[in-house]
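Following: one structure in structure tokens, then a few remarks.
There are 2 protein chains.
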Amino acid sequence: MALTGLVLSLLIPVLAAAAAATQAPIVSPEVHADRTVTFRYRDATAKKVELSLEGSDPVPMAKGANGIWTLTTAPLAPDIYGYSFTADGETRMDIHNSAFKPNLIWCGNMVTVPGNPPLPWEVQNVPHGQLHRHFYRSGVIGDERDFFVYTPPGYQASGRTKYPVLYLLHGFSDMTNGWTAIGMAHTILDNLIAQGKTKPMIVVMTLGYGVPDFASPTRGGYAGSNIRSKNFELYRQALFSEVIPVVEKEYRASSSKSQRAIAGLSMGGAQTLFVGLNNLDKFSYVGAFSSGNLPSTFDKDLPGFDGAKANKALKSLWISCGVDDGLIGFNRELYKWLQNQNVKVQYHETPGRHAWMVWRRNLIDFSQLLFKN
Amino acid sequence: MALTGLVLSLLIPVLAAAAAATQAPIVSPEVHADRTVTFRYRDATAKKVELSLEGSDPVPMAKGANGIWTLTTAPLAPDIYGYSFTADGETRMDIHNSAFKPNLIWCGNMVTVPGNPPLPWEVQNVPHGQLHRHFYRSGVIGDERDFFVYTPPGYQASGRTKYPVLYLLHGFSDMTNGWTAIGMAHTILDNLIAQGKTKPMIVVMTLGYGVPDFASPTRGGYAGSNIRSKNFELYRQALFSEVIPVVEKEYRASSSKSQRAIAGLSMGGAQTLFVGLNNLDKFSYVGAFSSGNLPSTFDKDLPGFDGAKANKALKSLWISCGVDDGLIGFNRELYKWLQNQNVKVQYHETPGRHAWMVWRRNLIDFSQLLFKN
């Protein structure tokens, strides 16, 4: 085969892409050494383009030559930032950044501003665990679904000792991979285990919808939905009858209450309280991050809840929320309700909004409490 | 806590989303019962919006009320279709469809037009295998990377019998999860194994770049790159020294040549030929789908290739390409070159372009040939 013919044939995909773009390539986002970040979005006809960066209000971008809208931030604290563009009121992805946030409703990208030394959510040269994705038909819920199991570095299928298990729940509109693809739970655990700060443990990450289309984009949110209770109750049933038995059969996963923790964020925080506090015989650690969507009264949805029994059953009940989160009032009420019953609570108000940068830090802090006594 | 306060606090994320959208929700894509599909994209200021649907040329969409551009297709053959919008020459994602195609350079969404009965890439109520994601530092390549291992339904960590292994390679610009997230390899295998058409096997899916930033969005394509050979050679070294030993140690994976296959698409097809035909002692089945990016002459890059030895060593050498693929000429030349050396080839020209709908079918056909004699 002639060189010329081959080179031409190999160029075809490249030329096709160039023809589709018809313009010079754009780099976005561009993370600079001083931790400023430049975002670029090309739209020649839009009248107004804004950047929505996680943790901040939307900021207008400036239109430059060739219809490229640009914004360079001030130096940013090292973190993983979700973001999207808004062009004339329409949310747009950054197509030049392949780091997409998986979500059933709200789309966006991610950009990492690295720390020096690296932060726990940054992939580092330490021993790594593995992620195992299980697929199954849920008889309880009536759909095909999946869950993830993190096994820590050095885990082997055979062996006598059992590992403690953290059941880790995502929020409303997240997909099953929320805690890994956005939350970087596996990376956080790898790094904290390498530093000796967190005990090696198995982490199980489920799909949190007890009703299959609970987070359908066209449902318009969960507030006021009459299927809220069903969503919680069927999630609990599936967890207990379909997920935990498989985990404890197929992994060296402890079934001891003292070696089981449950935690979650937002809707998953409320589910954590619902499952954990209604089943004090099952978990010793309960962590609710930025919880929302707990049913309408605590009395009603935690029937027979007894503060003295909870204190005896739990090694840790953790409640946290960012002070700039719209759900901070709810969490303060919850804390007050628990205090009124003399329940021991590790209560944390942290900086931040309703955002993954808060929940990664929650996992970092909460995981270090687990299974140490 | 008062009901009103709680409902208000729960509504906050919903209200925030509504404020951001400021308009009625859009449903896109909408798959109708007659297998037509309606795509919708809102952009009040764009002058021209097109739909690029996999397998077809771009088609203009019609602007309707409220700036919503709409297109309803003719009835489509059941398949998974990649697509994107182009607004005034700029590629745009469909933000109303959470099914994103992971890719380092070319972004897009996916929509499934279901078949009746379901096609092999559709999730069905059959026994499912699992996906295991490994993370490691590659000493050969010098980065942190991952690979996936599919274990078939019923696979257990302990047991005497070994499973045959298919090493399955993605194309240029794909991520490690290309064959699962887009190719649905695990679903295809589940369904074909359930039907008794494909033998239970382990499938290993690696990251195909022997040079860490080989598919960087700013590199501008691989053609003519002087690191092409390095990309192939270091990929081979990492596969042999870092991936295969781990797979054969941690899984019940056969190390017998008769129980090893390698296949790939596009760049991965060329890597399959490079690795497979240069290492006739390692694999018995070699499948190259829509190959591109084989180095400049076959003679140079398959030094000492001997057709008689290949015929003796291989149970199957499969070469395929879609007739509307820009790489069809290259694959015809390759077939001619092999024929000239009297090599037995299973050569298939199929309908289709350079697209995943072709490669899913290639996997369906190729996997049924494997490990049966």
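Protein chains in written order, with our numbering: chain L, -6 to 366; chain H, -6 to 366. Beta carbons are placed, not taken as given, at the ideal position from N, Cα and C, and that holds for glycine.
State yes or no: is the beta carbon of residue i nearer than 9 Å to at least one beta carbon in chain L?
i	result
L185 (chain H)	no
V338 (chain H)	no
L200 (chain H)	no
Q394 (chain H)	Chain H is shown from -6 up to 366; residue 394 (chain H) falls before or after that span and cannot be answered.
D36 (chain H)	yes
V20 (chain H)	yes
F267 (chain H)	no
H127 (chain H)	yes
I220 (chain H)	no
R381 (chain H)	Residue 381 (chain H) lies beyond the residue range present for chain H, which begins at -6 and ends at 366; the question has no answer from this structure.
Q264 (chain H)	no
I357 (chain H)	no
D81 (chain H)	yes
T29 (chain H)	no
L112 (chain H)	no
T372 (chain H)	This structure cannot settle anything about residue 372 (chain H), because the visible part of chain H is limited to -6 through 366.
E137 (chain H)	yes
R85 (chain H)	yes
Using only the alpha-carbon positions, how far apart do residue i and residue j sit?
i	j	result
L69 (chain H)	C314 (chain H)	22 Å
K56 (chain L)	T63 (chain L)	6 Å
L(-4) (chain L)	L161 (chain H)	Residue confidence is low: L(-4) (chain L) scores 31 on pLDDT, short of 50, so the model does not pin down where it sits. Its coordinate-derived value is still stated next. Rounded to the nearest angstrom, the two C-alpha atoms are 28 Å apart.
G269 (chain L)	V116 (chain H)	32 Å
Q334 (chain L)	P113 (chain L)	36 Å
G280 (chain H)	K329 (chain H)	16 Å
D292 (chain L)	H179 (chain L)	36 Å
R28 (chain H)	I98 (chain L)	24 Å
Y156 (chain L)	V236 (chain H)	27 Å
N366 (chain L)	Y278 (chain L)	12 Å
G164 (chain L)	G262 (chain L)	8 Å
H341 (chain H)	L295 (chain H)	22 Å
Y34 (chain H)	I61 (chain H)	6 Å
F225 (chain H)	N170 (chain H)	19 Å
Hey, would you say the C-beta of residue i is under 8 Å away from at least one heavy atom of the ligand MN?
i	result
T265 (chain H)	Absence of the ligand MN from the depicted structure is noted, as is the absence of any ligand whatsoever, leaving it without description.
Nearest to residue i by alpha carbon, out of the options?
i	options	result
F323 (chain L)	L:P210, L:V279 and L:M260	L:M260
G257 (chain L)	L:S21, L:L310 and L:A80	L:L310
H121 (chain H)	L:Y143, L:I61 and L:R138	L:R138
D72 (chain L)	L:Q188, L:G345, L:H341 and L:D292	L:G345
A92 (chain H)	H:L46, H:Q149, H:P110 and H:A174	H:A174
F304 (chain H)	H:D318, H:D167, H:K337 and H:L320	The residue you asked about is not Phe; residue 304 (chain H) is Asn in the sequence shown. Minimum Cα distance to N304 (chain H) is reached at H:K337.
L81 (chain L)	L:G108, L:P110 and L:P51	Checking the displayed sequence, the identity of residue 81 (chain L) turns out to be Asp instead of Leu. Ranking the options by Cα distance to D81 (chain L), first place goes to L:P51.
V42 (chain H)	L:D36, L:L44 and L:S45	L:D36
Y148 (chain L)	L:E243, L:W172, L:C100 and L:V239	L:E243
By the 10 Å Cβ neighbour count, where 16 or more other Cβ atoms means buried, how is residue i classified, buried or exposed?
i	result
S283 (chain H)	buried
T154 (chain H)	exposed
I316 (chain L)	Strictly speaking, residue 316 (chain L) in this sequence is Val, with Ile absent from that position. With fewer than 16 other Cβ atoms within 10 Å, it is exposed.
Q252 (chain L)	buried
T290 (chain L)	exposed
A26 (chain H)	exposed
K40 (chain L)	exposed
N96 (chain H)	buried
K190 (chain L)	exposed
D299 (chain L)	exposed
A301 (chain H)	exposed
G201 (chain H)	buried
N286 (chain L)	buried
A208 (chain H)	buried
K94 (chain L)	buried
Against chain H, with Cβ distances strictly below 9 Å, would residue i count as a contact?
i	result
G147 (chain L)	no
K93 (chain L)	The sequence given here places Phe at residue 93 (chain L); Lys does not occur at that position. Yes, F93 (chain L) lies at the interface with chain H (some Cβ there is under 9 Å from its Cβ).
T191 (chain L)	no
F26 (chain L)	The residue asked about is misnamed: residue 26 (chain L) is Ala in this sequence, not Phe. Cβ-Cβ to chain H under 9 Å: no for A26 (chain L).
L270 (chain L)	no
A14 (chain L)	The pLDDT assigned to A14 (chain L) is 45, lower than 50, so where the model puts this residue is not dependable; a value taken from the coordinates is nonetheless given after this. Chain H, which has a Cβ nearer than 9 Å to the Cβ of A14 (chain L), makes this yes.
S153 (chain L)	Note that residue 153 (chain L) is Arg in the sequence shown, not Ser. No, R153 (chain L) does not count as interfacial toward chain H.
E241 (chain L)	no
L97 (chain L)	yes
R130 (chain L)	yes
**Message:** Check whether the segment 95 to 108 of chain L and the segment 71 to 80 of chain L touch, using three or more Cβ-Cβ pairs below 8 Å as the test.
**Reply:** These segments touch.
**Request:** Mind the definition here: the segment 117 to 133 of chain H touches the segment 123 to 138 of chain L only if three or more C-beta pairs lie below 8 Å; say whether that holds.
**Result:** In the pairwise beta carbon analysis, the segment 117 to 133 of chain H is classified as touching the segment 123 to 138 of chain L: at least three pairs are separated by under 8 Å.
**Message:** Measuring CB atoms only, is the segment 20 to 27 of chain H touching the segment 86 to 93 of chain H, in the sense that at least three cross pairs come out at less than 8 Å?
**Reply:** Counting C-beta pairs closer than 8 Å gives three or more between the segment 20 to 27 of chain H and the segment 86 to 93 of chain H, which meets the contact rule.
**Message:** Taking beta-carbon pairs under 9 Å, can you tell me which members of the segment 39 to 68 of chain H lie near chain A?
**Reply:** Absence of chain A from the displayed structure is noted, the protein chains being L and H.
**Item:** Contact between the segment 350 to 366 of chain H and the segment 183 to 194 of chain H (3+ Cβ pairs under 8 Å)
**Value:** Here the segment 350 to 366 of chain H makes contact with the segment 183 to 194 of chain H; the two share three or more CB pairs at distances below 8 Å.
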